[in-house]
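Protein chains in written order, with this note's numbering: chain X, 740 to 829; chain C, 740 to 829. Where a beta carbon is used, it is the ideal one built from N, C-alpha and C, also for glycine. Okay, so here's the structure we're looking at.
2 protein chains.
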Amino acid sequence: MSAALLDLVGYPAAALTTIAFLPQALHSWRTRDLSGISLPMYALFTLGVAFWLAYGILLGSMPIIIGNGITLALASVVLFLKLLHIREGG
Amino acid sequence: MSAALLDLVGYPAAALTTIAFLPQALHSWRTRDLSGISLPMYALFTLGVAFWLAYGILLGSMPIIIGNGITLALASVVLFLKLLHIREGG
Chain X
740 MSAALLDLVG YPAAALTTIA FLPQALHSWR TRDLSGISLP MYALFTLGVA FWLAYGILLG
800 SMPIIIGNGI TLALASVVLF LKLLHIREGG
Chain C
740 MSAALLDLVG YPAAALTTIA FLPQALHSWR TRDLSGISLP MYALFTLGVA FWLAYGILLG
800 SMPIIIGNGI TLALASVVLF LKLLHIREGG
């Protein structure tokens, strides 16, 4: 498989799923309204993205590393805000 | 990179992000309440997952193919319900 073709498919994949996740992160950050976020689901998702990042590193796939690296950073912020929200009794 | 180690990281990744997506799909299917779903974001996400599936096929990665294959099927159902919802004036 040519690296060029892989990149041609991988980078749009990474861009699309990362962009689709951005509004959630921005919304949570701006409003600090985390009531609609399910902690167990979000924790599973964040852990899953961390595994995908590790998978990308093992595979040496830059689209997987970049896409999941950014998503992991954003998801971690939302997860942290959710945990703060719970601690504050929300 | 050993195939066994790759699978050991890839399959949990696929399982976690797919499981985290399930409640959304089940909720949309059961309630038919699509008002909280953003069509542009969902369309981007679904297209992104389709690109990841293609990437997995090019790469010959079963975790990517299985995880994104299932997620694509579920996301397509939600997207279809959302389009029906809009058509019905929702």
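Our contact map puts T756 of chain C next to G787 of chain X with C-beta atoms below 8 Å; I'd like the distance itself, whole angstroms only. T756 of chain C to G787 of chain X, Cβ: 4 Å. Contact.
Could you pull out every residue in the same chain whose Cβ sits closer than 8 Å to the Cβ of S815 of chain C, ignoring the five residues on either side in sequence? Close CB contacts of S815 of chain C within its chain, under the 8 Å cut and outside five residues either way in sequence, are with T785 (chain order).
Secondary structure at S767 of chain C, three-state DSSP: helix, strand or coil? In the structure shown, S767 of chain C adopts helical secondary structure according to DSSP, grouped into three states.
Closer than 8 Å at the beta carbon, the chain C residues around A793 of chain X: What A793 of chain X touches in chain C: V748 and A752.
If we define contact as Cβ-Cβ less than 8 Å, is G787 of chain C a contact residue for chain D? Checking the listed chains, one finds no chain D in this structure; the protein chains it contains are X and C.
Check whether the Cβ of L798 of chain C lies closer than 8 Å to any Cβ atom in chain X. Yes, contact with chain X.
Sequence-distant residues of its chain with Cβ nearer than 7 Å to I796 of chain X (five each side left out): The residues I804, in chain order, have a CB closer than 7 Å to that of I796 of chain X in the same chain once the five nearest residues on each side in sequence are set aside.
Pair every Cβ in the stretch 751-767 of chain X with every Cβ in the stretch 776-784 of chain C, then say whether three or more of these pairs are closer than 8 Å. Short answer: they touch.
I want to verify the contact list: residues of chain X whose CB lies under 9 Å from the CB of A764 of chain C, in sequence order. None at all; the shortest Cβ gap to chain X is about 12 Å.
Is there at least one Cβ from chain C nearer than 8 Å to T756 of chain X's Cβ? Closer than 8 Å: yes.
Is the distance from the Cβ of L811 of chain C to the Cβ of L792 of chain C below 8 Å? For L811 of chain C and L792 of chain C, yes; Cβs fall inside 8 Å.
State the Cα-Cα distance for the pair R769 of chain X and A742 of chain C, rounded to the nearest angstrom. Each residue's Cα considered, the two are about 43 Å apart.
So, at 7 Å on beta carbons, what are the nonlocal neighbours of N807 of chain C in its own chain, with the 5 sequence-adjacent residues on each side left out? Sequence-distant Cβ neighbours of N807 of chain C in its own chain, meaning closer than 7 Å and more than five residues away, are V788, W791, L792 and G795.
Given V817 of chain C as reference, the closest of C:P802, C:R826 and C:L765 once Cα atoms are compared: The option with the nearest alpha carbon to V817 of chain C is C:L765.
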